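Each remark here refers to the structure printed beneath this line.
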Amino acid sequence: TTPMYKRQKKLCFFLLFLSLQEDDVDLEALVNDMNSSFESLYTSCSVQTESTPLLHNGQLPRHAAYHTHAQPTSPHQRLHRSQPMHILAVRKLQEEEQQYRTSSLPAIPNPFPELCSPASSPTLSSGSLPQCQPSGKYIIKVFSEDGMGKVVEIPADMTARDLCQFLVYKNHCVDDNSWALVEHHPALGLERCLEDHELVVQVQASMTSESKFLFRKNYAKYEFFKNPLNFFPEQMVAFCQETSGTIPPSQLLQNFLNSSSCPEIQGYLYVKEMGRKSWKKLYVFLRRSGLYFSTKGTSKEPRHLQLLADLEDSNVFTVITGRKLHNAPTDFEFCIKPNKVRNEVKELRMLCAEDEQSRTCWMTAFRLFKYGILLYQNYKIPQQRKTLLSHFSAPVRSVSENSLVAMDFSGRIGRVIDNPVEAQSAAMEEGHAWRKRGKRMNILGSPSPLHPSSLSGVIHRTQLWFHGRISREESHKMIHQQGRVDGMFLLRDSQSNPKAFVLTLCHHQKIKHFQILPCEEDGQMFLSLDDGATKFTDLIQLVEFYVLNRGVLPCKLKHPCTTVAL
């Protein structure tokens, strides 16, 4: 065949392909028309080929193309020469064209894009965009602490903070700006708290099918802005050692948030070798450019530093599987995971600190170096929102611990009791008055709130800070997941004494347990935390007292460890 015949054949195939896109096309008539077209075209080309000499390169001379005479052919011969145009060949050509379009862009743009469906459009390729609904909404599933999940439809630009606010509103939770969305990888045993500005859809695109989102409290998300000295020990911050004296907290934070400054976290870390089970103790430096270790002691010279991990395309995770899985030297593991890694454990950079404070320092500094001023903006947004709402809401009385004072209402007008000894005696007199009232009502047969069988004996089970019969290890896990800040607490049933309770409290990133024992006085049962020195009728009264007073505890109760069911 001649080149003109090939061009005509390609054009016919393309027109046939476009025609097949319509559902109401008469396929049989179309094939007959194609057969008749190729019949005349093939006949003229064959006559030219037989009667005209060709050059060495297979092209037809110009003078011969206009002086050839067609020889008559029989109808049977014409029909025989047009038989290779079958419908199976057309379908095969259509399939090849479809595969070519989905794999790469066509060499020639489609001149009739309105005839093509979106699936076969040359401007989009399969996998170039994430799957979504036509309205631009994405479906995600969020799980609570009890394992129950909730399907949520969100837009593509929804941040982690917006999703948390939505879940708080839908589940009627207390909006104290401490809720967080957690990225959980059960196969790797890793999890991290999403930053408030991160897009949920983008994070979900990098997760596997086994990974999931968790909705829980995180009191320590911005605690380092309030107490930076507790998170960054002076021996781990390089510029604190170079300057004489103590660095003010405000200057410490400015050095981390200012992009022009060069703060540095340094110290010893256990580093797991890639693809091996062994660990090495190395002197490590964390800078804005990445995580480095020294090949020669504690030297900071550039020729002795080697890169461990990059901060730009990585995130820091907490290891939740325990030290046995990775044969870690301590319990304070954390991990730097590149965003491209999904289930490859060998690509993870496993690290291990000496204690909990060191691990918290490394992980917090990683976040500050990676996001910088964005974290401070995330921290300030709830406060600015609260300030704006306060201008439109009615003023309410403050119930903070500094605004509550002891009052004496025995006279005609009330007065503030300034003497602490007098205030304590007044509280004891009021307590005795309530006990006498309860005893008198018991004698009269009236239900008393002080009676063990009354509602006061079980009302504490409706409180968010009470978690029933959970073990000591489970209480440790819950407090660790929600931040390990001073004053975080929960109450649970005692496993050793069925009539007692246990107060689990976090102080200086250490978890302590205090047993609440029942005691009897004048035929009445009370609860006490200090061997009967201070007695309470129920756990609610006990918690309210230690929220305002430290007493025998190392700190006041501040943040209840709560769970929510979605």
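Here the sequence shown stands for residues -27 to -1, 1 to 539, numbered as in mature numbering (1 follows the signal peptide of the UniProt record, and there is no 0). Beta carbons are placed, not taken as given, at the ideal position from N, Cα and C, and that holds for glycine. Everything numeric in this text was worked out from a predicted model, so none of it was measured.
Can you have a look at residue 455 and say buried or exposed, based on whether 16 or more other CB atoms are within 10 angstroms of its CB? buried
First and last residue of the beta strand (DSSP E) that includes residue 153? 152 to 158
Verify whether the separation of the beta carbon atoms of residue 479 and residue 462 is less than 9 Å. yes
Sorted by chain position, which residues of the same chain lie with C-beta nearer than 7 Å to residue 346's C-beta, five sequence neighbours on each side aside? 230
Where residue 459 falls, given that 16 or more other Cβ within 10 Å makes a residue buried: buried
What separation, rounded to the nearest whole angstrom, lies between the Cα atoms of residue 127 and residue 112? 7 Å
Where residue 176 and residue 205 are concerned, what is the direct C-alpha to C-alpha distance, given to the nearest angstrom? 29 Å
Using 9 Å as the threshold, is the C-beta distance between residue 323 and residue 245 below it? yes
Leaving out the 5 sequence neighbours to the left and right, which residues in its chain are closer than 8 Å to residue 351 when beta-carbon positions are compared? 134, 168, 169, 170, 195
Run through the stretch 294 to 328 for me and flag every whole beta strand (DSSP E) of 3 or more residues, listed as ranges in chain order. 306 to 311, 322 to 325
Please determine if the stretch 285 to 298 and the stretch 311 to 326 are in contact, where contact requires at least 3 C-beta pairs separated by less than 8 Å. yes
Report yes or no: do three or more beta-carbon pairs, one from the stretch 238 to 256 and one from the stretch 324 to 333, lie closer than 8 Å? yes
Just list the residues that DSSP pairs residue 501 with in beta bridges. 490, 508
Could you tell me if residue 431 is buried or exposed, where buried requires 16 or more neighbouring beta carbons within 10 angstroms of its beta carbon? exposed
Exposed or buried, residue 537, counting other C-beta atoms within 10 Å across all chains shown (16 or more means buried)? buried
Does residue 335 come out as helix, strand or coil in the three-state DSSP assignment? helix
In angstroms, rounded to a whole number, what distance separates the CA positions of residue 273 and residue 211? 11 Å
What are the residues that DSSP puts in a beta bridge with residue 532? 461
Continuous beta strand (DSSP E) assignments of at least 3 residues falling wholly in the stretch 177 to 243: 185 to 190
CA-to-CA distance, residue 476 to residue 159, given in whole angstroms: 30 Å
Would you mind giving the Cβ-Cβ distance between residue 180 and residue 156, rounded to the nearest angstrom? I have them listed as a contact below 8 Å. 7 Å
Need the endpoints of the alpha helix (DSSP H) that residue 541 sits in, please. Residue 541 falls outside the range modelled here, since the chain spans only -27 to 539, and no answer is possible.
So what does DSSP say about residue 452, is it helix, strand or coil? helix
Judging by CA-CA distance, which residue of 267, 292, 302, 182 is the nearest neighbour of residue 450? 292
Pull up the CB-CB distance for residue 281 and residue 298, whole angstroms please, since I reckon it's below 8 Å. At roughly 21 Å, the Cβ-Cβ gap does not stay under 8 Å, so residue 281 and residue 298 are not in contact.
Using a threshold of 8 Å, is the CB atom of residue 446 nearer than that to any non-hydrogen atom of the ligand MG? For the structure depicted, the ligand MG is absent and the ligand set is empty, with no information on it obtainable.
From the DSSP output, which residues share a beta bridge with residue 274? Answer is none; residue 274 lacks a bridge partner.
Apart from the five residues just before and just after residue 436, which ones in its own chain have a Cβ nearer than 7 Å to its Cβ? 513
Three-state secondary structure (DSSP) at residue 364? Low confidence applies to residue 364: its pLDDT is 47, below 50, so where it sits in the model is not reliable enough to give any reading.
Measuring CB to CB, does residue 131 end up less than 9 Å from residue 172? yes
Our contact map puts residue 278 next to residue 267 with C-beta atoms below 8 Å; I'd like the distance itself, whole angstroms only. 6 Å
Do residue 442 and residue 484 have their CB atoms nearer than 9 Å? no
Coarse secondary structure for residue 99, derived from DSSP in three states: Only weak support is given to the placement of residue 99: the predicted model assigns it a pLDDT of 37, under 50, and the question is left unresolved by the model.
By DSSP's criteria, residue 401 is part of a beta bridge. Which residues make up the other side? Answer is none; residue 401 lacks a bridge partner.
Between which two residues does the beta strand (DSSP E) containing residue 479 stretch? 474 to 480
I'd like to know if residue 306 contacts chain B, where contact means its C-beta is closer than 9 Å to some C-beta of that chain. In summary, chain B is missing from the structure at hand, where a single protein chain is found.
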